[in-house]
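See below for the structure under consideration.
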Amino acid sequence: MPAKQERRLRVGVLGAGQIAQAAHFESCTKAANADLYAICDVADDLRERMVITHGAEKSYNDYDRMLADPDVEAVIIATADAFHVPASLRALEAGKHVLCEKPVGVTVEECVALKAAVERSGKVFQVGHMKRFDAGLQAAKSFIADEMGEMVALKAWYCDSTHRYPMTDAVQPLVVTSANAKKPTTNPKADLRRYYMLAHGCHLIDTARYFAGDVIAVQARLSERAGIWCWFIDVEFASGTLGHLDLTVQVRMDWHEGFQIYGRNGSVLGKTYNPWYYKTSEVDIFREADGATHRVLGADGHFYRRQVEGFARAILDGTPMEGANIDDGLASVEAMVAIARSVETGKPVALADVTGGV
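For the sequence shown, counting from 1, position 246 maps to 246 in UniProt numbering; every step adds exactly one.
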């Protein structure tokens, strides 16, 4: 890991559950320009164990007390989806910068309200779409912007696997749980159609938007057979690019995620790995100009740490936002809602017309 810089962002993490343990605590301790300053969780047993394990300076069982700490400059919101917007609003009101886990919210209306609060605050607000910090995807993005010319079509797929848990359990830290943890009033996994879209669909949508820009409308079909949820989604991009997305949970094969992009001066073919392997995507960039394929090799694949460092750079150095902003987060939620409405009606749905949640 790179050496720590002299000036570092002091981060407080809200929530000591699975995503914080697997990603955010380590990312803050490893980031060159950030520190894990505080951990906040209502479960005293879990929080104190995490404080000792990861070396946080402060421990809070009350979110407002952590927000009142003047040494906390920014917060990472690593809670259940239902708490994202309320926790973000309180942090912005307290004058803190925010990195909020994805999806940024669960309804269009609450995301619109959050966008207004972000704009009033003047603070940096980043959504945890960490795939934007995959060096392979970044190389593809640069080629698209600088060399490829007009994009003709994009196909992208995100297929979670029945075999993911034995594989990820081997590489992730043992996740510690507590009976005292705060949970949403309803079980998020009670409705798997909704849960899979929020948990996985937001990644697929954000990747497509990262490459091809704004989505205007979608038309989606859903198959729920053999214990497999499969969405096929035709996407209308503002640019005129043809789009097709495949979200399938859970395939009877290994993790299967990637994309194909066709443009005027070349094409891109990408294979993305389960994020917990911290392995940069294999992205082949075909340049028509030299008739050759180019691929980034040996790249840093710690997307979560790179995400924190990008967040800190935007705050400390005033660099342009590299991650997903509130507009990206809102657009992702709008697209997920539009997909749900299209499945229900069998018709195309414009993102500008959607309300409510998935």
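Glycine included, every Cβ here is placed at the ideal spot set by N, Cα and C.
- For Phe133, no alpha helix (DSSP H) segment is defined, and its DSSP state is neither H nor E.
- Rounded to whole angstroms, the gap between the alpha carbons of Ala31 and Asp290 is 38 Å.
- Contact annotation: the stretch 251-262 touches the stretch 145-161, with at least three C-beta pairs closer than 8 Å.
- With fewer than 16 other CB atoms across the displayed protein chains lying within 10 angstroms of its CB, Pro320 is exposed.
- By the C-beta density criterion, Tyr37 is buried, having at least 16 other C-beta atoms within 10 angstroms.
- Here Thr355 is exposed. Its C-beta has fewer than 16 other C-beta atoms within 10 Å.
- Taking the Cα of Leu330 as reference, the smallest distance to any Cα among His84, Asp300, Ile228, Lys347 is reached at His84.
- In this structure, Ser142 is the residue among Thr248, Tyr278, Ser142 with its C-alpha nearest to the C-alpha of Phe211.
- When secondary structure is reduced to three states using DSSP, Glu26 falls in the helix class.
- Boundaries cannot be given for Gly55, as no alpha helix (DSSP H) includes it and DSSP labels it neither H nor E.
- The three-state reading of DSSP puts Tyr63 in helix, counting H, G and I together.
- In this structure, DSSP gives Gly318 a state outside helix and strand, which the three-state scheme calls coil.
- Rounded to whole angstroms, the gap between the alpha carbons of Gln21 and Asp327 is 28 Å.
- Proximity to Gln172 across Thr29, Trp276, Phe125, Thr345 peaks at Trp276, based on C-alpha coordinates.
- Counting the other CB atoms within 10 Å of its CB gives Gly201 a total of 16 or more, which places it among the buried residues.
- Taken through DSSP and simplified to helix, strand or coil, Val42 comes out as coil.
- As DSSP reads the structure, Lys271 sits in a beta bridge with Gly258, Glu282.
- Taking a cut-off of 8 Å on C-beta distances, the stretch 39-58 touches the stretch 5-18, as three or more cross pairs fall below it.
- For Phe83, there is no enclosing beta strand (DSSP E), as DSSP marks it with neither H nor E.
- By the Cβ-count criterion, Ser27 is buried, with 16 or more other Cβ atoms from all chains shown falling within 10 Å of its own Cβ.
- Using a Cβ-Cβ distance cut-off of 8 Å, the stretch 184-200 and the stretch 74-84 are in contact, since at least three pairs of beta carbons, one from each stretch, lie closer than that value.
- Counting the other Cβ atoms within 10 Å of the Cβ of Asn265 gives fewer than 16, which makes it exposed.
- Listed in chain order, the non-local C-beta contacts of Leu67 below 7 Å within the same chain comprise Arg90, Ala91, Ala94, Lys96, local neighbours out to five positions each way being set aside.
- Taking C-beta atoms under 8 Å as the contact rule, Leu99 and Gln138 fail to qualify, at a distance of about 18 Å.
- A direct Cα-to-Cα measurement between Cys111 and Ala292 gives close to 43 Å.
- By the criterion of a C-beta distance shorter than 7 Å, Ala335 is surrounded in its chain by Ile205, Val215, Val218, Leu351, once the five residues flanking it on both sides are discounted.
- Comparing alpha-carbon positions, the option among Glu57, Gly263, Leu154, Val72 lying closest to Leu242 turns out to be Leu154.
- As the crow flies, the alpha-carbon of Ala145 is around 26 Å from that of Val104.
- For Arg287, the CB contacts under 6 Å within the same chain, skipping 5 residues up- and downstream, are Gly266 in chain order.
- Exclusion of the five residues before and after Ile19 leaves Ala78, Glu101 as the residues of its chain whose Cβ lies within less than 7 Å of its Cβ.
- Comparing C-alpha distances from His294 to each of His302, Gly301, Asp300, Ile285 shows the shortest one belongs to Ile285.
- Secondary structure at Leu222: strand, using DSSP grouped into helix, strand and coil.
- If you draw a 10 Å sphere on the C-beta of Ile233, you find 16 or more other C-beta atoms in it, and that means buried.
- In the DSSP annotation of this structure, the continuous segment of the beta strand (DSSP E) that includes Arg10 starts and ends at 9-14.
- Listed as beta-bridge partners of Trp276 by DSSP are no residues whatsoever.
- The beta-carbon separation of Phe133 and Arg306, rounded to 4 Å, stays under the 8 Å limit for a contact.
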